[in-house]
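Peer 1:
Residue numbers (this note's numbering), protein chains in the order written: chain A, 3 to 626; chain B, 13 to 507.
(1) Excluding the five sequence neighbours on either side, which residues of its own chain have a C-beta within less than 8 Å of the C-beta of residue 379 of chain B, listed in chain order?
(2) Using a Cβ cut-off of 8 Å, which residues of the segment 56-67 of chain B contact any Cβ in chain A, in chain order?
(3) Check the Cβ of residue 200 of chain A against every Cβ in chain B and list those closer than 7 Å, keeping chain order.
(4) Identify, in the order they occur along the chain, each residue of the same chain with its Cβ nearer than 8 Å to the Cβ of residue 333 of chain A, setting aside the five sequence neighbours on each side.
(5) Could you check whether the Cβ of residue 69 of chain B sits closer than 9 Å to any Cβ belonging to chain A?
(6) Excluding the 5 residues preceding and the 5 following residue 176 of chain A in the sequence, name in chain order all residues of the same chain whose CB lies nearer than 6 Å to its CB.
(7) Who are the near neighbours of residue 60 of chain A in its chain, counting only those whose CB is closer than 7 Å to its CB and skipping five residues on each side?
(8) Which chain B residues are close to residue 508 of chain A, counting only those with a beta carbon under 7 Å from its beta carbon?
(9) At a threshold of 8 Å, does residue 159 of chain B count as lining the ligand GDP (C-beta to nearest heavy atom)?
(10) Could you spell out where the beta strand (DSSP E) holding residue 53 of chain A opens and where it closes?
(11) Terminal residues of the continuous beta strand (DSSP E) containing residue 141 of chain B?
(12) Between which two residues does the alpha helix (DSSP H) carrying residue 412 of chain B extend?
(13) 9 Å is my cut-off, CB to CB: does residue 331 of chain B come that close to chain A?
(14) Might you give, ordered along the chain, the residues of its own chain that have their beta carbon closer than 8 Å to the beta carbon of residue 352 of chain B, omitting 5 neighbours on each side?
(15) Do residue 253 of chain B and residue 241 of chain B have their CB atoms nearer than 9 Å?
(16) Quick one: give me the first and last residue of the alpha helix (DSSP H) that residue 80 of chain A is part of.
(17) CB-CB under 8 Å to residue 87 of chain A, same chain, minus the five flanking residues each way: which ones, in chain order?
(18) Check each candidate in A/573, A/120 and A/150 and name the one with the smallest Cα separation from residue 94 of chain A.
(19) Would residue 339 of chain A and residue 426 of chain A qualify as a contact pair, given that the criterion is a beta-carbon distance under 9 Å?
(20) Output the boundary residues of the alpha helix (DSSP H) element that contains residue 26 of chain A.
(21) Along the segment 84-116 of chain A, what residues have a CB closer than 9 Å to any CB found in chain B?
(22) List, in chain order, every chain A residue whose beta-carbon is nearer than 7 Å to that of residue 140 of chain B.
(23) Return the chain-ordered list of same chain residues with a C-beta closer than 6 Å to the C-beta of residue 214 of chain B, the five sequence neighbours on each side being excluded.
(24) What does residue 580 of chain A touch in chain B if you count any residue whose Cβ is under 8 Å from its own?
(25) Mind listing the chain B neighbours of residue 595 of chain A? Cutoff is C-beta to C-beta under 8 Å, in chain order.
(26) Any beta-carbon of chain B closer than 9 Å to the one on residue 246 of chain A?
(27) Name the DSSP bridge partner or partners of residue 271 of chain A?
(28) Is the beta carbon of residue 185 of chain B sitting closer than 9 Å to the one on residue 338 of chain B?
(29) How about residue 155 of chain B and residue 420 of chain B: do their beta carbons lie closer than 9 Å?
(30) By the DSSP assignment, the alpha helix (DSSP H) with residue 486 of chain B in it spans what residues?
(31) Short of 8 Å in beta carbon distance, which residues of its chain neighbour residue 41 of chain A, apart from the five on each side in sequence? Order them along the chain.
(32) For residue 456 of chain B, collect the residues of the same chain with a Cβ closer than 8 Å to its Cβ; drop the 5 residues on either side in sequence, then sort them by chain order.
(33) With a 10 Å radius around its C-beta and 16 neighbouring C-beta atoms as the bar for buried, classify residue 352 of chain A as buried or exposed.
(34) Would you list the residues sitting across from residue 312 of chain A in a DSSP beta bridge?
(35) Suppose the cutoff is 7 Å on Cβ atoms and the five residues either side in sequence are ignored; what does the same chain contact list for residue 426 of chain B look like?
(36) Below 7 Å on C-beta distance, what does residue 561 of chain A contact in chain B?
In structure tokens, the structure reads:
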């Protein structure tokens, strides 16, 4: 117990107060810094040889609820994904325009039907015909531009994934660097609180991008795993790569087979092993998951809806149904159809009944030229009540007949009366079947003498006939981006009326426009369930304008849901974040009161020193 | 629990930001008058809005169609109404007209008919909004040729007058109406058509006789003929024989010869001679003279009417000649040599050739064509009356020929044969106009209902918006005040 020890204690107290003041100043300075956590000065009684010798200043620490932190990361990950949904879907929604303005694609379709009706009312009016062609061309270009917007958004998603992957790699690197520093500093008992703040920020950034789990190690480092358990970082970060594709169109799609994949994927490389993280389903939350969903699911579906609309409009106008002619061979009766004009994707529609059971079978035989697409799925036609048979027509007639016969029961006999005629007859004397009807659905390519339909819409600048071919890549994929009004019809608008050359149809004849109108407004038309509208067993039925309206309403509902989900989710994550900020952030009032405490402590310790000095002075003056 | 200053100010900022977002949305609502500017914002009402907007667009197209169709039907009805008046005028005229030539060898009625014909042609060539109403689907060609062209033709194209003249020549032949009178054996007279098959002249259809001792028989030869064989038993005074002769237009006339002892015999009589041979010679002479008269009277009128029938078919049929007086058949006139009076669409059944869609699944077939029965009848009969002219030198025959002609035109215009009348065409159109009116008012009601529902759904209620706006403004003011008070509430201020 000496004055010296008192002075030592007082100096340690001064030091502690200074350290405390320093911390208060830093806390106050960072009161408005996002992610800054409040640091507290840790002190302990310094004991030497069983005696207290003052106060020991320890490393500053922070007080963080790690459970809350993990929860926030999960929720912000979800929020980031939903924000991506919301941003993209609201853009799709805005493509449909203002409800009041008749600018949506549905209004354009209805408008085109109205103009077609005007042509039916006055087929002889060039103004009516040109107005209709103009509206049809505008509708086609509206579909083109919506389609290219959708593909543009997919490309944007692709680019955003690329940026996100770069950011993720940087974050992983930052975490790894900070892990090292923290481990070293902890070993020398220096404060690591600020470094932890920085590392948390990096982990937060990463959790907004993807679904991760951060695990604290004993040495103060963290290890990072994907939600699915793939190791992203332990001592060294793995490398994530993304083979960004610079051009994306409607035909680009993701596939787990790298040979078929035409968009980028995220690969995890660790030494010599590499894993396709998209295929392994590593991305469940976070903005990358949102972008992947947009690129591979949501936007392609929106595209499929536009494609189906374009496809149905084109087919409705251009498809002619040609009834078969009666065919008899001995006791066997049936029908024969002419396959000469059939394009790939066109169909033969056959109906037969089992007798006496009376069960009716509807068979749709689809012409394909590429045998690799066979066999066709039952969903190749939108009709749920038919049996779909794909037949390769790219072979001699004998082969075609054999393929058909193999797909049909032996009691329905396939034959080739002559040329390109194909006959279907029942089994005659045995009497176990009756062939009820056979017809072909053929896409007309000419403007006259092929019936009252008209191939108004054609595929692309090459003016290719649109027949819904399934070869290689289905013709319907991306058709909305390629649909255009036939140049031949624009060059001669009277082809909207004149369907026969001998005798030449009169210009006042309303037969063709009325027929086209009837086809487009036919309410029994069915639409493919791959669009997400209707189901395979009960497909959506209705006129093309009602389908267009359904698209608008489905997309608007998706956008509204996404916006609702995003705001609900952001409320959850914001609330958690707020709670975390409140608990770990700086309260200036608190700091000010600490300031007073440290100020007082400093003053008191200084007082002790000055008292000791006085005592020494007294002590020294004794000897004088 | 402590609350960090940062979190506190962040919270404040967020809530003020939210109020400001709401404020700007309300301002937008107030200025645009719409609750939302996108379909997503409509919520559950979006299907309704889409359906109603679509329905309104469709209804407007239907209304456009109805308007055009109404204009066409009403214009057609006006034209048909005028035509009907002309038809009635000509019918009454035909019934009352007497043979009194005024100028150019025509009666007043005929001159009127000429003028009415050109009026009718004008009516049928009615063009409404660049569209011929009476040409069927050929809406761009003037459907009917001018009345001058129709009647007179030009150097290369034969008109109605030429066809009538040729037909008259073919029907009358050498004067006996293509019949031949011979006496192969003494006491017997044979009446025979001059050729078979032949469409011209009188056709022997029936006979009856009260002549005693005389055999009147049909020997079933080809061409058809009738034998009148007198015998030693001569007919007595007052006994008669009549021959029913079919005329080219399908009507029948009867030539009756009565035996008389007077010599010379009057018209329609023959003198009973001393024996069969003399009586037969008298009979033959009397019959020849009766036939010649009949040919100049009823045959020429019927021939004219039939020439008209031939001309007003498609293609027009004309006498296969020259020579015409010995011709036996008709030949189709070609556009190169004959006037084709109707140049419009002649496919299918005339009338109701257009289809107007006036509602979901509601269609109306409408339209009339110049070559449609009731319309063509008026043109034909006006043209017939106008085409014929008389010399005025053969008053007795021409008076009767004129009477026969007007009798036929009156009958045709009266639709005695039960053919379609203009009134029935107009009634049909009237009913369609009625249907259109009903459809129109239905659509208009529908549109106004849809509009009000749409307005309720999409329009922002200004009162509602203003109320919300003012309450938000109060809230924001309060927030600002609290924020400013709170900012004062810091320990810093009190140290």
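For glycine and all other residues, C-beta sits at the position ideal for the given N, C-alpha and C.
Quick caveat, the model's predicted, so the values are computed rather than measured.
Peer 2: Looking at the coordinates:
(1) 84, 88, 145, 148, 363, 364, 365 and 366
(2) 58, 59, 61, 62, 63, 65 and 66
(3) Within 7 Å Cβ-Cβ: nothing; residue 200 of chain A doesn't reach chain B, min ~17 Å.
(4) 430 and 431
(5) yes
(6) 204
(7) 44, 45 and 46
(8) Ordered by position in chain B, the residues that pass the 7 Å Cβ test against residue 508 of chain A are 149, 150 and 357.
(9) Among the components of this structure there are no ligands whatsoever, and the ligand GDP is therefore not found.
(10) Note, residue 53 of chain A: beta strand (DSSP E), 53-59.
(11) Residue 141 of chain B -> no beta strand (DSSP E), and no H or E assigned at all.
(12) Per DSSP, residue 412 of chain B is one residue of the alpha helix (DSSP H) stretching across 407-425.
(13) no
(14) 157, 326, 327, 328 and 345
(15) no
(16) It spans 68-97 - the alpha helix (DSSP H) in which residue 80 of chain A sits, taken as one unbroken run.
(17) 292, 295, 296, 300, 564, 567 and 568
(18) A/150
(19) With contacts defined by Cβ atoms closer than 9 Å, residue 339 of chain A and residue 426 of chain A form a contacting pair.
(20) 5-31
(21) So the close ones are 91, 92, 95, 96, 98, 99, 100, 101, 102, 104, 106, 108, 109, 111, 112, 113, 115 and 116.
(22) Result: empty, since nearest Cβ-Cβ is about 11 Å, beyond 7 Å.
(23) 189, 191 and 257
(24) 19, 22 and 23
(25) Among the residues of chain B, those whose CB is under 8 Å from the CB of residue 595 of chain A are 503, following chain order.
(26) no
(27) A/241 and A/276
(28) yes
(29) no
(30) 474-500
(31) 25, 28, 29, 62, 63, 64, 193, 195 and 196
(32) The residues are 75.
(33) buried
(34) Paired residue(s): none; residue 312 of chain A is not in a bridge.
(35) Only residues of its own chain outside the window of five on either side were considered, and among them 103 have a CB closer than 7 Å to the CB of residue 426 of chain B, listed in chain order.
(36) 52
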